[in-house]
Amino acid sequence: MFFETNEKPEFEQILADAKDSLVVVDFFATWCGPCRIMGPKFHKMSDEFPTGIFIKVDVDEAEDITSDYDIKVMPTFVFIKNGKVIHTLEGNNPDALRTTIAQNI
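According to this note's numbering, the residues represented by the sequence shown are 3 to 107, in order.
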């Protein structure tokens with residue numbers, strides 16, 4: 003499942019509804035070159051791993067969510083399971099992203 007949200011209540015509801023499913027959050031910025039490269043790949047991975055929950059969050063529009071996860075680099079991918087962060091991956095590395103998803107799905 004794929005979502006894009008910048009609203010904290012909606013983000014928190016998606017996490018709550020996910021239960022024990024893997025949630026992967028893509029923290030991106032529209033002005034970030036590597037983010038523009040990774041964006042379509044991230045969306046495609048949501049099709050490759052249909053049991054996962056994939057969320058895109060714009061760091062400039064969702065400062066509250068961004069600060070909750072202490073995001074400093076874009077893109078940053080945060081992996082959440084059962085409401086807890088289990089892994090963080092920074093930068094433009096689609097192979098590492100795919101591998102980390104496959105290991106935790």
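Quick reminder that beta carbons are idealized off the backbone N, C-alpha and C, glycines included. Computed from a predicted structure; not experimentally measured.
Self-check item: alpha helix (DSSP H) segments (min. 4 residues) lying fully within the region 13–66
Solution: 35–50
Quiz item: Are there 16 or more other CB atoms within 10 angstroms of the CB of Ser69, so buried, or fewer, so exposed?
Solution: exposed
Quiz prompt | Neighbour-count burial assignment, Asp60, 16 or more Cβ in a 10 Å radius | solution = buried
Practice problem: Leaving out five residues on either side along the sequence, give the residues of the same chain with a beta carbon under 7 Å from the beta carbon of Leu17. | Solution: Val25, Ile82, Gly85
Quiz item: Got a sec, what are the start and stop residues for the alpha helix (DSSP H) Ile103 sits in?
Solution: 96–106
Quiz prompt | Residue range of the unbroken beta strand (DSSP E) whose run includes Val87 | solution = 86–92
Exercise. Flag this pair as yes or no: are the beta carbons of Phe80 and Phe29 separated by less than 8 Å?
Key: A quick correction: the sequence has Val, not Phe, at residue 80. Their beta carbons are under 8 Å apart, which means Val80 touches Phe29 by this criterion.
Exercise. Express the C-alpha separation of Val75 and Glu92 in angstroms, rounding to a whole number.
Key: 7 Å
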